[in-house]
């Protein structure tokens, strides 16, 4: 790592910390004004942003990026409008800062309150989607945090143009320009330097594919809000209604196959395999899903192919599902805890006891009873936009929205109390 | 690190994870039964524990440990009784597991609950006090976590004897023997191996001096609940009542000088320096405290010695205080945020506006208005025993009691809902 990058990143960190101290004290109205002004600036700058994006698209095409990546990178007027609207939706959320999370009075009269305060400085490391620039900046601003953004090199010009609009809105509202900063280089060494800025950055949110997240997990000296992958399960219990199971499983696997809450493995209770397995497998195959099954699954439908051991540990993010017959809910829990990624897992059953065993037993951020794993989403939870989903057990678990971007402090009010003894 | 230590630690990790899965499902009554049985076993084994402690004391004396360290190491019947009573007090706390932290229903009928669950496996790395063995194990057990304990080599025999009693109580209550494990070697390489067991340990709590904590912070790949030091401030505002200020400052500095919540720096508002500074300094000096002051402080009392720059950043843990005159509450906040350690800071004032500026502005886990910094303690907060105090912003901040040893999961209950779109 060059000394130059090191010093560049330290400077960003210093500025972010100073801005964070101001943002922590900013009234909700000022933050909302900044978010609305930023939305307006993005609409006004739409032409400039699309021109910058065209530069990135041309470079991406020349570099041979896949069509899927180019689609993620692409900005058009509709996507720019959606980005601006997203900022206005964040402005409309309640202010997460200053909430009294708990309060109580001690026998000696000390009044103790646990009050929500911003984390401080949030670092976001992401890949090609330039809209993350606006979404992440907006969530950080709303929660009173300064943000340091490091986007993918492919979206550098797009993100820079979006940043200019954001900062214009923020300063127009009287908040510090350094509230949102972008790492001004595509040098990969800057990521390494960022991951060691523990003095200046309170949490890092990596958003992107498994290799990006794995690198961040390996190198970071800063706490993370992250999930490496979503190996989500749906377990169809012996007491499951077949029609409900079919509807939920189809949605959980096929609604969108590329999101982290998509089901990757279907577990079927041996107690209902005779009646439920064949219709579930047939439905999946007929909807265009490849089924990789154990022996019982292949016996139920000869179109299923053989699942290898690796399949139980694989996040396909595609129209592929692993299917296995298990001996009841405890075996399902065991499978989930052994092969899952602690993200989101569901049971379909009419038996409350089986549901309880599953919901308690699975060590996952989100456990569902009779609903689709694709509900794993901050918006679907009613939390507003999310900056990501965390499978960590510290602090934020599950969807990470503006409340999760806060920590708290204890405010203690006395009348001169001293501690005896 | 030898392969043997690596494999030993991995084995401990596997056992702890398996025990944690069982503990997470254990009813509160079983955990309380285990805690009471462990307390009883400690009382019964008192003779054996004292004999083991004598071995450690002899080795410690031969090694030339200081009297202070030998005192920490020493166990007598009164300390053993206190240890047993501590476990019974933990048993009497409400069960932190299963609390519904929040619940709401979505427009589509999905019922979402955020429910407290154990973290999983907690690692505790501590120094010479053998009573930490029982305290930490008790807090982990109550919160449904498996514990891996690594005590100081000086207290190895004492801790092992306490462990035997603890495990006897735990198994008598039908809970797994691996609920509490001790690293069975004093090899320092075991600590390094432990800090990399991120697959098996969810959080590490280092308890001890600054050099121990600094090593853990540097090496750990696992989230920590820790504070490196407590550089706590008391700020006497221009609107402070002098009598209250004297009582609170004397307690904050001198009640116990060796605890992390002891005040290390006194800040006095220039607005009241003419009336308040000399009496405060005289009181401190006359109570046996060395005062290291800025020019204004030395002018107020010539017994004060000169403070160097380093004094503003020093945790004395002794009868020494740094004293400085500042220009009002904002300068006090600036000093605290620059030189403090984010632990605990207090303002003495009759002015609610100044108090608000201080409480909001200081980026510390605990901020107090008109009360002593020595209240920074889980017991004083009414949280029951604490495993430590955290200055981190993730998850637990301030005192870490049984509630903070829990994380949560989202339990979602539906009636077959699928996600549209």
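Protein chains in written order, with my numbering: chain A, 114 to 534; chain B, 114 to 534.
From the three backbone atoms N, C-alpha and C, an ideal C-beta is built for every residue, glycine too.
Keep in mind it's a predicted model, so treat the numbers as computed, not measured.
Query raised in the report: Which residues mark the beginning and the end of the alpha helix (DSSP H) in which residue 242 of chain A is found?
Result: Where residue 242 of chain A is concerned, there is no enclosing alpha helix (DSSP H), given that its DSSP letter is neither H nor E.
Query - Start-to-end residues for the beta strand (DSSP E) that takes in residue 219 of chain A - result: Unbroken run through residue 219 of chain A: none, as it is neither H nor E.
Requested in this report: Please go through the same chain and pick out, in chain order, the residues whose beta-carbon is closer than 8 Å to the beta-carbon of residue 186 of chain B, but skip the five residues on each side of it.
Outcome: 166, 169, 170, 173, 178, 241, 242, 243, 267, 268, 271
Query raised in the report: Can you list, in chain order, the residues of the region 242 to 255 of chain A whose Cβ is nearer than 7 Å to any Cβ on chain B?
Result: none
Query raised in the report: Excluding five sequence neighbours on each side, which residues of the same chain lie with their C-beta closer than 6 Å to the C-beta of residue 431 of chain B?
Result: 370
Query raised in the report: Between which two residues does the alpha helix (DSSP H) harbouring residue 521 of chain B extend?
Result: Taken as a continuous stretch (DSSP letters only), residue 521 of chain B belongs to no alpha helix (DSSP H), being part of the beta strand (DSSP E) at 519 to 530.
Query raised in the report: Is the shortest distance between the beta-carbon of residue 425 of chain B and the beta-carbons of chain A less than 8 Å?
Result: no
Query - Local conformation of residue 300 of chain A per DSSP, three classes - result: coil
Query raised in the report: Does the pairing of the region 448 to 461 of chain A with the region 361 to 377 of chain A give three or more beta-carbon distances under 8 Å?
Result: yes
Requested in this report: Please classify residue 451 of chain A: does DSSP put it in a helix, a strand, or coil?
Outcome: helix
Requested in this report: In the DSSP assignment, find the alpha helix (DSSP H) that holds residue 421 of chain B and state where it starts and stops.
Outcome: Run containing residue 421 of chain B: none; DSSP gives neither H nor E here.
Query raised in the report: What residue ranges within the region 250 to 286 of chain B form continuous beta strand (DSSP E) runs of no fewer than 3 residues, ordered along the chain?
Result: 259 to 263
Query raised in the report: For a contact meaning CB atoms closer than 8 Å, what does residue 225 of chain A contact in chain B?
Result: 494, 495
Query raised in the report: residue 120 of chain B lies in the alpha helix (DSSP H); which residues open and close that run?
Result: 116 to 138
Requested in this report: Measure the C-alpha to C-alpha separation of residue 276 of chain B and residue 200 of chain B and round it to an integer number of angstroms.
Outcome: 13 Å
Query - Sequence-distant residues of the same chain with beta carbon closer than 8 Å to residue 344 of chain B, five excluded per side - result: 377, 378, 426, 427, 428, 452, 453, 454, 456
Query raised in the report: Can the beta-carbon of residue 291 of chain A be found closer than 8 Å to that of residue 131 of chain A?
Result: yes
Query raised in the report: Do residue 238 of chain A and residue 263 of chain A have their CB atoms nearer than 8 Å?
Result: yes
Report task. In the DSSP assignment, find the alpha helix (DSSP H) that holds residue 347 of chain B and state where it starts and stops. Result -> Element bounds for residue 347 of chain B: not the alpha helix (DSSP H) but the beta strand (DSSP E), 345 to 349.
Query raised in the report: With a CB to CB cut of under 6 Å and the five nearest residues on each side skipped, what residues in its chain are close to residue 154 of chain A?
Result: 278, 281, 282
Query raised in the report: What residues from chain B crowd round residue 520 of chain A, counting only those whose CB sits closer than 8 Å?
Result: 506, 507, 510
**Report entry** Reduced DSSP secondary structure (H/G/I, E/B, other) of residue 503 of chain A
**Finding:** strand
Query raised in the report: Anyone know if the C-beta pair for residue 162 of chain B and residue 193 of chain B falls short of 8 Å?
Result: yes
Query raised in the report: residue 233 of chain A and residue 139 of chain A look like a contact to me (Cβ under 8 Å); what is the Cβ gap, rounded to whole Å?
Result: The pair is not a contact, with the Cβ atoms about 14 Å apart (cut-off 8 Å).
Query raised in the report: Among A/423, A/421, A/437, which has the Cα closest to the Cα of residue 393 of chain A?
Result: A/437
Query raised in the report: Using the C-alpha atoms, what's the distance from residue 517 of chain B back to residue 509 of chain B?
Result: 6 Å
Query raised in the report: Under 7 Å Cβ-Cβ, which residues of chain A neighbour residue 524 of chain B?
Result: 472, 480
Requested in this report: Can you check the region 154 to 202 of chain B for any alpha helix (DSSP H) of at least 4 residues that lies completely inside it and give the ranges in chain order?
Outcome: 159 to 176, 180 to 186
Requested in this report: Alpha carbon to alpha carbon, how far is residue 380 of chain B from residue 353 of chain B? Give it in angstroms, no decimals.
Outcome: 12 Å
Query raised in the report: Would you say residue 517 of chain B faces chain A, with C-beta separation under 8 Å as the test?
Result: no
Query raised in the report: Among residues of its own chain, excluding the 5 on either side of residue 145 of chain A, which ones have a beta-carbon nearer than 6 Å to its beta-carbon?
Result: 204
**Report entry** As assigned by DSSP and simplified to three states, the class of residue 336 of chain A
**Finding:** coil
Query raised in the report: For the region 341 to 370 of chain B, which residues have a CB atom closer than 7 Å to at least one CB atom of chain A, in sequence order?
Result: 357, 360, 361, 364, 368
**Report entry** 8 Å Cβ cutoff, residue 313 of chain B in contact with chain A
**Finding:** no
Query raised in the report: With a cut-off of 8 Å, does the C-beta of residue 485 of chain B fall near any C-beta of chain A?
Result: yes
Query raised in the report: When DSSP labels each residue in this structure, what does residue 377 of chain A get in the three-state scheme?
Result: strand
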